[in-house]
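Just below is one structure, and these are the notes that go with it.
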Ligand code: BTN
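Residue numbers (the numbering used here): 10 to 189.
What follows is the structure, given as structure tokens:
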């Protein structure tokens, strides 16, 4: 009788111990599947998931919006974005202004310093792949003394240069698809 009680206790302890070991092992393997720095955080530019850094293929592409602006962007494999922006309206029309940003999955942000115009604009948008569209919202901040009306906001829709201008019709016709 006593032997079987001891047997049960030992069995119970062994079960608890092995389930703790299994939990620790699965935690360790989940952590090691991501790129890490010495601090345990993902390295800059390294993805914490297996999704591509950016849904716009790495390389250079040219986009145009409904204001006739032209944006040339180069996306690097880590999702960094650099390029130039030629606005079709406002100050410095047609002048190539510097653009920097980043792209992560279906999201993209970029900003332009309108040199000589005393203004900067930042866009945040989503990428649609079929049809190819970047839908954005933007804020333009004037560099002149801050006033209650020194920030302007709006929306821009960009299509590949090869689809311009007919592709712009898709901006209002198609709605963003649900992505899993
Ligand atoms: C300025 O007038 O201060 C500089 C030009 C700003 C142009 C704005 S940026 C947001 C919107 N989208 C464009 O393509 N052009 C205008």
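In this text, a Cβ means the ideal position worked out from N, Cα and C, and glycines have one as well.
Query raised in the report: With respect to the alpha helix (DSSP H) encompassing residue 179, which residues constitute its N-terminal and C-terminal limits?
Result: Segment 178-182, the alpha helix (DSSP H) holding residue 179.
Query - One or two residues paired with residue 91 in a DSSP bridge - result: DSSP output for residue 91 lists 83 and 109 as bridge partner(s).
Requested in this report: Output yes or no for whether 9 Å exceeds the beta carbon distance between residue 97 and residue 142.
Outcome: No, they are not a contact pair.
**Report entry** Where residue 128 falls: helix, strand or coil (DSSP)
**Finding:** If DSSP states are grouped into helix, strand and coil, residue 128 belongs with the strands.
Query raised in the report: To the nearest whole angstrom, what separates the beta carbons of residue 149 and residue 160, a pair I think is in contact under 8 Å?
Result: Going by Cβ atoms, the distance from residue 149 to residue 160 rounds to 7 Å, so yes, they are a contact pair.
Report task. Tell me whether residue 101 sits in a helix, a strand or coil according to DSSP, three-state version. Result -> Of the three classes helix, strand and coil, the one that applies to residue 101 here is coil, per DSSP.
Query raised in the report: Is any heavy atom of the ligand BTN found at a distance shorter than 8 Å from the C-beta of residue 173?
Result: No, Cβ of residue 173 sits at least 8 Å from all heavy atoms of the ligand BTN.
Query raised in the report: How should residue 110 be labelled, buried or exposed, when 16 other C-beta atoms within 10 angstroms of its C-beta is the threshold for buried?
Result: By the C-beta density criterion, residue 110 is buried, having at least 16 other C-beta atoms within 10 angstroms.
Query raised in the report: How would you label residue 158, buried or exposed, when you count the other beta carbons within 10 angstroms and need 16 or more for buried?
Result: Burial call: exposed.
Requested in this report: Report the three-state DSSP secondary structure of residue 70 (helix, strand or coil).
Outcome: Correct three-state label for residue 70: strand.
Query raised in the report: How long is the line joining the alpha carbons of residue 119 and residue 90, rounded to whole angstroms?
Result: Cα to Cα, residue 119 sits roughly 8 Å from residue 90.
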